[in-house]
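Protein chains in written order, with the UniProt record's numbering: chain F, 1 to 226; chain D, 1 to 226; chain C, 1 to 226; chain G, 1 to 226; chain U, 1 to 226; chain R, 1 to 226; chain Y, 1 to 226; chain S, 1 to 226.
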């Protein structure tokens, strides 16, 4: 069975759900990723690649690799064909990260939003162990209807943010930390047990999913009379 | 230290976040719950009580208990003083439950929405092992900008719903099942690992949290230009 | 083997470590607890009983039970013979609890300190989901060299306190919550992964241990030149 | 003790159980694998090698390696001596995989069936987040008495398949995913908690075991009067 | 919402999959079970009830309870209307249990098979710590195309059976044991890690699921040319 | 977003809490560490680097690397500008390690104390399986008001020390061991369940945190009247 | 199937292994226990009953119950017919328990030894947090070739004993403790990770198994030339 | 602190416990291992090295490495100075391994026994999925007073052996397997839950510990009158 036959790509997803087609590269072979790229290039269909690590990126067929806009921090790549874009949506989504070590998932959220036409406000290193850093930014945050809060270790940030702002709060627990941080499990379960009401949670390090949730809310809000 | 001194109630939350004050009764003594009720009754401040089991409810001071609208399935009680309410918000939120055994958390979501002025569409027993039951309702579901999907065991429902509708999907994994269901852990981790993009997740059996998230999104949508 | 032969009580501990003898009653039979009480009563030796639940307390030999000062919230009992006490130590230890549901372990810490001659400052229901409640008390807290921070669910309180005050911070994670709170495991691992440096941690719900740690520090401080 | 003395090969298994002899190479040294190959080559006895990774394969004695039909995707190798085979059994087993990332275990099942004279129908990338992909193939699947359903992450595929078809459904949870997918644990426990009745489960990534179960059922069916 | 509206019963399942409709009673209220019974009684549709514990059974509406054939060991009840049955299928399925403590799940499998027209051979207390007990029965077991092996603690029975017989082997790990048996988790993971090839596994204590799998195989075998 | 914008360094921490600024390097890129170093070098602000492994250290910009005092055992580096230091504090803190394999976390504690002006007494390889090694040092240990006890595997050392000395005991469980040691989880949970009262616990391998706790106690003791 | 048919008792075990027949009552119904007792009474065959809790004991058929020598602390009962016993074996086995809360499993070991003709030395409440209690007994312990060490929480006792005595050391971790003690898991894994070489371990609370292991060693020693 | 100061070697252990000094190399640096070797070489004291992997062995100081008898399968090395040994003890201990993949821990047990003067009978690849392989050896095994049973995956071997032979049975669960084998956890917990009475258990892959336990029993047996 060749690699192309192992795919069943979804070219209608953008229409149907307002989120562009994406492939998760982490457990795919370079042959599989090349095959997927060839299929979408042939149709000039845009695609987002996530979990594309530096080594896999380097091993892609050179012609295909040259067509990609790759970012190693977030391990994402854009394949895009339209040279003209709509004006990006601003001031709707803020991405807040507790620590510098959370840059990977936070930038994955930022890049996924960018790929789908949204330009978020980005705030880094405002973890609650140094509370004044966050308090300085609360007014700014409160102006955004949707906030993606990215934090590892004890992941107290989404709870504190959820108590301070009225908007939708999407928590992204990260795998930052060691020992009792349990690869992000502690952050995950802390977010799920948040004493701030109505904070919702994505998988560990899943900046992509948080961005998609924000896109769903932006789309849904058009159905909601204000 | 008397029970009243153990509380620091938040009378401004409805203003600040659009979600009425609520107390979680599961690990509070009857004396503590009575004390909280007395404080809010004195101010004629409405309050939602969650995780109030049948035995605790029965042991409350009779005068206070008589003021409560109690529902044993969801283990919630309303304390309300306004006899006239605004017309409830309809067609914005759907609550979908996979099985009859998921009634408790599903009804907790419904009741929390009701308490806060939202009347959701409710659909029960549409688990994906009998797929036609869900497919019959997809068009109806798609009309709602926000869907709360409640499911235990393998919790496949939120994934299937997330793939079929464009709106915001909030998953509530439940503790339904036994053995490998691990008290809801399997449902929780399955929802977090959903292959449908942008599904967000609440704690196990946390219908209350899902409803609050829906309220946050409804409030946030007013800030989003359509 | 009779119950008394199953004990090897430590009458010298107060001298040696500055912490009075205590017994953990949770997995002992009423016969064993009675036997221990008889031995210490015979010597007029004071003793603290922890994890003595209401039912076991009620089943103790009446004469012994009448000698106890019992508190059902903390499940502790004092057996004391000295009618005159030293003036208690004040302003050295603060016990801060995130929620009303954390009253049991918080009061266990308070009572253990009381039994050993320390009268702590007690502050309840200042969880970080309503941050202003804690910020109002920061100056007061900062005046105490030792702070015991008691919190369940996501247990963000010890981290926020640890970032705001310079003193010794002893975290007591509690079993408050459900689902992803995992009976206190999440709170425990969150405290251990705290991004505030130098916060130390006790077992879940172990207010007794936190108080003993505070007593050790108070004793140790006499050896430290100021 | 030399490597050959560490083996006790089972040359009668094909006769006894209808499944050819196989060795699991993952935790064996290259010296051990070489020794096993030498023994079976000497008797011209066929053997299937599983979990033979690319590096170990490359380090085998060249003469032995040249006798193997190796597939890196499934990490399986065939050692066969009969040039003429029986006509393979068709239309009895279908192997369905949820995603492209599940190719490894799915192909391990396919190859194990091939080695034992069965040629399965193979369908890839029909995960339930894009439900129409599966619905398109339901009639085809229903014609097969045995279905092996391979899926990772939330592993909803076996449940949906189990609800749609009447045949025997063998689930192979895979380690695809990250974070809450817990290396396949979530998929495993989701399959075991399936709300579709009578779905049976193999170990994580165990395509080999699923194929053996299918072979057992094919053999057993000869004892069942139709 | 009344209890009947919480159900979506499946009257066509017997036709579609050869397994009669069943409801899982463990997490349903007595009101819900009564409602389901009333619906099927009105249609004279047979139904199997599983996980119906003695207390819930006793609390059912008397008229409905009198129509049930209830077995407390397996916690199953039959609601049947046909006084004449087909001759049951014999010699096709054997149910083997390692210990007397495994009687509950083993009898659940037996009763589910009985309800669906299959009369299995039943063998109890043949755990492998006293191996001769099993060896005495191997010839008898080998005559059955399908074997359900029920075992707790270390669950070695399915592995030993799987090595001795050629038929389909369905393992039911049980929650028998304590401590390291982890409520059946150890048995479950031992069965999944069985060194006998092609043993498939059901959830802990899931005799019902094993019986359904046997029914699927019996049905599937009609599609397989012998 | 450049690497420097991902930081929000805390130059006032030494003043506020008596603990110098430190960065956790484990999940930061070399670019991020370089950026942080450049910022503090520009201000001539001292900084401690923890979890800086040998490879990352080697890849730092050469000019910056040359300014660091690096220790590979503890994976710590000092950036300091003051050539004259205060006389270090002696005899206040002892660091005791159970085994030679615990050298990494033990030396992390020692180095963190050194960086902050404290020179601890260091005792290695006194695990309780050879009890006389510890008993020989008890008198010496008892003279120290604060003891950091570092141990892996079954981590019995902190309990035995806690029973023998009256001072503050801070346990550092380590990841030493294999299998049932579970990467330090067993040591961690053993320390938390210590039958010696008032032993407090840090994260697995967290020598840094234990040192910070000791610094907090030293600072706090100045507020405690002796 | 009646209860007697669910048993396959082993009347030859004493001959074969030197350990009398025993049944584990925890997950058996009263009907099953009665049936087993009737069978052995009919043959006048002795039997040990373990995990027979007070309620089940009270519900047994009165005639059978009267024949039992029952001990509620260890939850064991003896059924014996020989009025004359051999002189019990003394000074060969010591049972040492860390705390009074460990009485149940410790007495289960003692009673199992008694039932099989061994009279162990018993020492209680010598946990290592008060080390002198154990050191006082080391010479006595060293005289015994086999030591059963029973301990919960952090279970440091078996390690310390294993380092002090040369004999066979069998650890019985117990479920004493709470929170991080994890129902005995921490004690179990601590014993398995013991830094004392050659300490072997039984299941949590399994005093019965430890006694059987001691009996095996006593029997085996007859085969070993001294 | 230099590497030699990090050791506190135990030169009296052989005298005290009949087990030669050994060091666990897994989490020690090459510098530490070299330092330990130099110390014992200086005293001409024999030493066993365990968990010495091939890379660390290769990096040792050449002079020291040349003095070692190294075995890569068991990762053990002997440092011995006596050219004449006592006649080894035979027929007392058997080491039985379920699979070829268990060679590492099995050979660690064999080598540890060899180092301490015992020459065990060794039997490989007799896992119970092919039961006749074990039954062929039962008479031989029964002649040995002590049996070390080594098995991974579902680890059924120790249970079956424990039921067949009367001697002391020491189980060594191994990390062989994948997925549900959980790195040896399943084997470990299966051994601890063995339905064969009196089987004792060592840590995962701990052949060294099992051998030490056998040495303890051999030594203890001299104190037991036969």
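C-beta atoms are modelled at their ideal positions from N, C-alpha and C, and glycine is treated no differently.
| Query | Result |
| --- | --- |
| Can you check whether the C-beta of residue 20 (chain F) is within less than 7 Å of a C-beta belonging to chain D? | no |
| Reducing DSSP to helix, strand and coil, say where residue 7 (chain F) ends up. | coil |
| Between which two residues does the beta strand (DSSP E) holding residue 149 (chain G) run? | 146-151 |
| Tell me which residue opens and which closes the beta strand (DSSP E) that residue 70 (chain F) is part of. | 68-71 |
| Locate the alpha helix (DSSP H) running through residue 204 (chain F), then write down its first and last residues. | It is not in any alpha helix (DSSP H) - residue 204 (chain F) carries neither H nor E in the DSSP assignment. |
| Leaving out the 5 sequence neighbours to the left and right, which residues in its chain are closer than 7 Å to residue 183 (chain R) when beta-carbon positions are compared? | 175 |
| Below 9 Å on C-beta distance, what does residue 29 (chain R) contact in chain S? | Simply none; closest approach about 26 Å. |
| For residue 220 (chain U), which residues in chain G fall below 8 Å Cβ to Cβ? | 145, 146, 166, 167, 168, 217 and 221 |
| Would residue 166 (chain G) and residue 17 (chain U) qualify as a contact pair, given that the criterion is a beta-carbon distance under 7 Å? | yes |
| How many Å lie between residue 230 (chain F) and residue 99 (chain F) at the Cα? | Nothing about residue 230 (chain F) can be read from this structure; chain F reaches only from 1 to 226. |
| Can you pull the DSSP bridge partners for residue 78 (chain R)? | R:48 and R:69 |
| When we look at the beta-carbon of residue 54 (chain U) and count the other beta-carbons within 10 Å, is it buried (16 or more) or exposed? | exposed |
| Please determine if the region 190-209 of chain Y and the region 105-117 of chain Y are in contact, where contact requires at least 3 C-beta pairs separated by less than 8 Å. | yes |
| Which residues in chain D sit within 9 Å of residue 124 (chain C), going by Cβ to Cβ distance? | 1, 5, 6, 7 and 8 |
| So is residue 94 (chain G) buried or exposed if we call it buried at 16+ other beta carbons inside 10 Å? | buried |
| Quick check: the Cα distance between residue 34 (chain F) and residue 78 (chain F), rounded to an integer number of angstroms? | 14 Å |
| Taking only three categories from DSSP, how would you classify residue 154 (chain S)? | coil |
| So, residue 116 (chain C) versus residue 20 (chain C), is the Cβ gap smaller than 7 Å? | yes |
| Alpha carbon to alpha carbon, how far is residue 62 (chain G) from residue 68 (chain G)? | 10 Å |
| For residue 92 (chain D), go through chain F and note every residue whose CB falls closer than 7 Å to its CB, in chain order. | 224 |
| In the DSSP assignment, the beta strand (DSSP E) including residue 24 (chain D) goes from what residue to what residue? | 22-24 |
| Could you please give the first and the last residue of the uninterrupted alpha helix (DSSP H) stretch that includes residue 105 (chain U)? | 103-115 |
| Straight-line CA distance for residue 40 (chain G) to residue 3 (chain G)? | 14 Å |
| Residues in the region 97-115 of chain D with C-beta within 7 Å of chain U's C-beta atoms, listed in sequence order? | 100, 101 and 103 |
| Residue 154 (chain U) and residue 190 (chain U): beta carbons closer than 7 Å? | yes |
| Taking the C-alpha atoms as reference points, what is the distance between residue 129 (chain Y) and residue 129 (chain R)? | 15 Å |
| For residue 145 (chain R), which residues in the same chain have their Cβ closer than 7 Å to its Cβ, ignoring the five residues on either side in sequence? | 92, 167 and 168 |
| Does any residue of chain S have a CB that is nearer than 7 Å to the CB of residue 181 (chain U)? | yes |
| One question on the structure: do residue 199 (chain Y) and residue 158 (chain Y) come within less than 7 Å of each other, judged by their Cβ atoms? | yes |
| Could you tell me which chain U residues have their CB closer than 7 Å to the CB of residue 206 (chain Y), listed as they occur along the chain? | 179 |
| Apart from the five residues on each side of it in sequence, which residues of its chain come closer than 8 Å, Cβ to Cβ, to residue 71 (chain S)? | 77, 107 and 111 |
| Tell me, please, which residues DSSP counts as bridged to residue 123 (chain F). | F:96 |
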